[in-house]
Structure formats: C-alpha cells, structure tokens
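Enquirer: Its first residue numbered 76, the sequence shown is counted upward by one per residue in the working numbering. Beta carbons are placed, not taken as given, at the ideal position from N, Cα and C, and that holds for glycine. Can you keep this structure in mind? I'll have questions shortly.
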Amino acid sequence: MAFVIIILSSSSATSQSVPFHVDFWVAPFSGNPKTGRAVATVLALQVWRTFRRYRNNNKRWGDFGKARWDYYNRPDLTHAKIRRSFFREGTWRTLEMWGEVRMFGDDVYAIPYLTVSR
Numbered sequence: 076m077a078f079v080i081i082i083l084s085s086s087s088a089t090s091q092s093v094p095f096h097v098d099f100w101v102a103p104f105s106g107n108p109k110t111g112r113a114v115a116t117v118l119a120l121q122v123w124r125t126f127r128r129y130r131n132n133n134k135r136w137g138d139f140g141k142a143r144w145d146y147y148n149r150p151d152l153t154h155a156k157i158r159r160s161f162f163r164e165g166t167w168r169t170l171e172m173w174g175e176v177r178m179f180g181d182d183v184y185a186i187p188y189l190t191v192s193r
C-alpha cells in the first residue's frame, strides 16, 4: 500500500494571527488499491480546504498552505502503530487519516479513521 503525505499549514483566526502548522498525513485506504487512493485523495483535499488560509486573513493572496505527496508502504495500520510512529520516523505530525474502502454493488463506501498525536 502506498502512503501519501500532505503537509498543511494554517494560521489562527485571532487578530494577532499567530501562525501555526498542522502536519496531516493520509494513507491510501486499504481494499481496492485504485479506489483506496482515490478516496484518500478526495478526503485529503477536503481536509486541506478546511485548513487553508482564507482570503480575508491573507490580503496579499499568499500561500494557502503547502502540500507534499510521498509514497511508501505501510502494512496493517492501527491507531497504536500510528501513535508509535509519530516521532520515530523523524517527522512530527499532528493528524493521520487512514481507513478502508469496500465495494457495495456498484457503489463504494469508505471507513475513515483519524489518529491525533495528543
């Protein structure tokens, strides 16, 4: 299974606008590999859209956040395995989304999981 890394940055909505970063990792969902990647990509983009900086907080139309995609194998994901790997792999991250997809006739349903570092 490939693994997709998305690094998002966002700024707070306070009047002082203190920037902070959210590292959000997304693994392609298990099940059908092509469908699992597609579902993970759509959900990741929806989350990124939620975290991005909005125009009224970004008067210069600067960066809305950075995304970087990287692929590597991740066998049998569980919340416990993800929590143990949060710091061990040399990259601190805040959130990791993973899950599985299942076919239901011509339709697909996704079972997403979200692991939070704290």
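Roughly how many angstroms lie between the CA atoms of aspartate 182 and alanine 119, to the nearest whole one?
Expert: In the sequence shown, counting from the first residue as 1, residue 182 sits at position 107. In the sequence shown, counting from the first residue as 1, residue 119 sits at position 44. Approximately 20 Å, taken between the alpha carbons.
Enquirer: Apply the 10 Å Cβ neighbour rule to threonine 190 and answer buried if 16 or more other Cβ atoms are within range, or exposed otherwise.
Expert: Stepping through the sequence shown from its first residue, residue 190 is reached at position 115. Buried.
Enquirer: Using a Cβ-Cβ cutoff of less than 8 Å, which residues in the same chain neighbour valine 176 once the five nearest sequence positions on both sides are dropped?
Expert: As a first step, residue 176 must be located in the sequence shown, where it is residue number 101. Same-chain partners within the cutoff: Phe104, Ser105, Gly106, Asn107, Thr110, Gly111, Val114, Val183, Tyr184, Ala185 and Ile186.
Enquirer: Exposed or buried, what is glycine 180 when buried is set at 16 or more other beta-carbons lying within 10 Å of its beta-carbon?
Expert: Within the sequence shown, the letter at position 105 stands for residue 180. Exposed is the call here.
Enquirer: Excluding the 5 residues preceding and the 5 following tryptophan 173 in the sequence, name in chain order all residues of the same chain whose CB lies nearer than 6 Å to its CB.
Expert: Taking the sequence shown and counting its residues from 1, the one referred to as residue 173 is at position 98. Excluding residues within five positions, the ones whose Cβ falls inside 6 Å are Ala102, Leu152 and Tyr188.
Enquirer: Give me the Cα-Cα distance between phenylalanine 99 and alanine 155, rounded to the nearest whole angstrom.
Expert: Here residue 99 refers to the residue found at position 24 when the sequence shown is read from its first residue. Here residue 155 refers to the residue found at position 80 when the sequence shown is read from its first residue. So the two alpha carbons sit approximately 17 Å from each other.
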